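All the letters of the sequence shown, read from the start, carry residue numbers 2 to 302 under the numbering used here. Backbone N, C-alpha and C define an ideal beta-carbon position, used for all residues, glycine too. Just so it is clear, the structure is predicted and the values come from calculations on it, not from any experiment.
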Amino acid sequence: MSIVLQELNQLTAKENILINEPLRNYLYTKLGGKADFFVTPASIEEVQAIIRYANKTKIPFTLLGNGSNLIVRDGGIRGIVMSPKRFISIRRDGDLLIAESGARIIDVSYRALDEKLTGLEFACGIPGTVGGALYMNAGAYGGEVKDCLEKAVVVDRSGTLLTLDASELDLSYRSSNIPEKGYIVLEAHFRLQPGEEKEIKAVMDDLTYKRESKQPLEYPSCGSVFKRPPGYFAGKLIQDSDLQGKGVGGAEVSTKHAGFIVNKNNATASDYIAVIEMVQRTVKEKFGVELEREVRIIGED
Ligand code: FAD
């Protein structure tokens, strides 16, 4: 452990490395274990150096965004967990908004409003980072990242910096090739159109109202747990399976939105995962439909 720490210290400043860091502080579900090394590099060169170091030494490497689509098991994550939380700038270049990967997609959406640019209204309530939004082609209310992403700057697992066209990321419903390729997203270029501030704001206000009235935002959760199965709505299947309010330990299926599982009372990751499995099992038995998880589960038991 101390050798790894010494070596990491040569790649980024001491204050950018935390040891045995509880990840629940960084996750929307507010549960899960610790990271051996939680690293927040301050420059692209540091990101490249750390990824090369992890490769060379075969130390496991995990990337965390805003933790809004991740469940970390109670045993935590071995090796290095990297967060791009220092990469948060958003700038305008013509009708492009160029955002660093650690910026929240909500903030990019509000910056578009300030700049009177339309096209990112759908993202005004998605609590992830730009990197996390590209990773899963985040979307809501009929819009998705794919509709407005022009380019992305990434680092691959050999530490090489690449600029990719959006088409090279194979974006489709809640999916991209980022996990398969092992890219670390550093920057995204969103192609937007000039619009009327009043109209953009009206759409964002409407979507915010819909979200706040339908989602259990008062409890920790990871949003919709399951993808939409072809021909069905996950929430409706769960509701019709009579699962709302049912749970394990401190986790339960939300009574407000059946697609959400909430951490109602100091749940563990095991509780949360047990509820996911109970929902999948019950829906399969009742309706013969396999619910595929949208949320990622990582780490050790
Ligand atoms: P994380 O949860 O931190 O990570 C998710 C995955 O992305 C991980 O595998 C991680 O390694 C990877 N990743 C993160 N950053 C990078 C990067 N820079 N480069 C490469 N990979 C990276 N999602 C929607 O699509 N639509 C919604 O309407 C929506 N509503 C939500 C509402 C609530 C209340 C919550 C809690 C979640 C909601 N989500 C929604 C889910 C979530 O916000 C999105 O999936 C978001 O894109 C995840 O981003 P993140 O930064 O939190 O990623």
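Best match in the options for proximity to residue i [C-alpha to C-alpha]
i      : options                           : result
Val156 : Asn138, Gly133 and Lys182         : Lys182
Val82  : Leu172, Gly66 and Ile89           : Gly66
Lys86  : Leu150, Ile99 and Gly68           : Gly68
Ser225 : Arg105, Thr283 and Gly140         : Gly140
Phe234 : Leu162, Thr30, Gln245 and Val290  : Val290
Glu340 : Val73, Leu12 and Ile45            : Beyond the ends of the chain as shown, which are 2 and 302, falls residue 340; an answer cannot be given.
Arg294 : Val276, Asp302, Lys287 and Glu286 : Val276
Glu151 : Arg158, Ser168, Lys35 and Gln216  : Ser168
Met279 : Asp148, Val296 and Glu253         : Glu253
Cys149 : Thr256, Ala113, Asp37 and Glu286  : Ala113
Leu24  : Gln11, Ala14 and Phe39            : Phe39
Leu160 : Ile298, Pro217, Leu32 and Tyr184  : According to the sequence provided, residue 160 is Gly. The question's Leu does not apply to it. Nearest of Ile298, Pro217, Leu32 and Tyr184 to Gly160, Cα basis: Tyr184.
Ser271 : Phe288, Asp243 and Glu301         : Glu301
Gly80  : Arg92, Ser90 and Phe62            : Phe62
Lys147 : Arg105, Leu172, Ser255 and Ile18  : Leu172
Asn267 : Ser255, Thr30 and Leu162          : Thr30
Lys202 : Leu170, Thr269, Glu116 and Thr164 : Glu116
Leu244 : Pro231, Gly232 and His258         : His258
Thr209 : Thr256, Pro180, Met137 and Phe123 : Phe123
Ser242 : Thr41, Lys287 and Thr130          : Lys287
Inter-residue CB distance, residue i and residue j (contact presumed, cutoff 8 Å)
i      : j      : result
Leu97  : His190 : 5 Å
Ser214 : Phe261 : With 8 Å as the limit, Ser214 and Phe261 do not qualify as a contact, their Cβ atoms being about 14 Å apart.
Ser102 : Glu188 : 6 Å
Leu118 : Pro195 : 6 Å
Tyr220 : Val263 : 4 Å
Gly132 : Val186 : 4 Å
Ile52  : Arg158 : 6 Å
Leu135 : Ser84  : Going by Cβ atoms, the distance from Leu135 to Ser84 rounds to 16 Å, so no, they are not a contact pair.
Gly129 : Asp75  : Wrong, their Cβ atoms sit about 23 Å apart, outside the cutoff.
Identified DSSP bridge partners for residue i
i      : result
Gly77  : Glu301
Thr164 : Val154
Val82  : Phe39 and Thr63
Ala194 : Note on identity: in this sequence residue 194 is Gln, with Ala being the wrong assignment. DSSP, once it has assigned bridges, lists Thr119 as partnering Gln194.
Ala124 : Answer is none; Ala124 lacks a bridge partner.
Thr130 : Arg105
Arg92  : Ile99
Phe227 : Arg294
Val186 : Val155
Ile22  : Just to set this straight, residue 22 is Glu in the shown sequence, not Ile. DSSP output for Glu22 lists Ala36 as bridge partner(s).
Glu181 : Its beta-bridge partners do not exist; DSSP assigns none.
Ala252 : Val249 and Asn264
Ser176 : Ser173
Ser222 : Val263
Glu8   : Answer is none; Glu8 lacks a bridge partner.
Ala141 : Gly144
Leu71  : Arg297
Distance cut-off 7 Å: residue i Cβ against heavy atoms of the ligand ADP
i      : result
Met205 : Absence of the ligand ADP from the depicted structure is noted, with the ligand FAD being the only ligands included.
Neighbour flag for residue i against chain D, beta carbons, 8 Å
i      : result
Gln281 : No chain D appears in the structure shown, which is made up of a single protein chain.
Inter-stretch contact (C-beta, 8 Å, three-pair minimum) for the stretch 143 to 160 and the stretch 233 to 248
no
Looking at C-beta atoms only, is the number of pairs between the stretch 50 to 63 and the stretch 247 to 255 that lie closer than 8 Å three or more?
no
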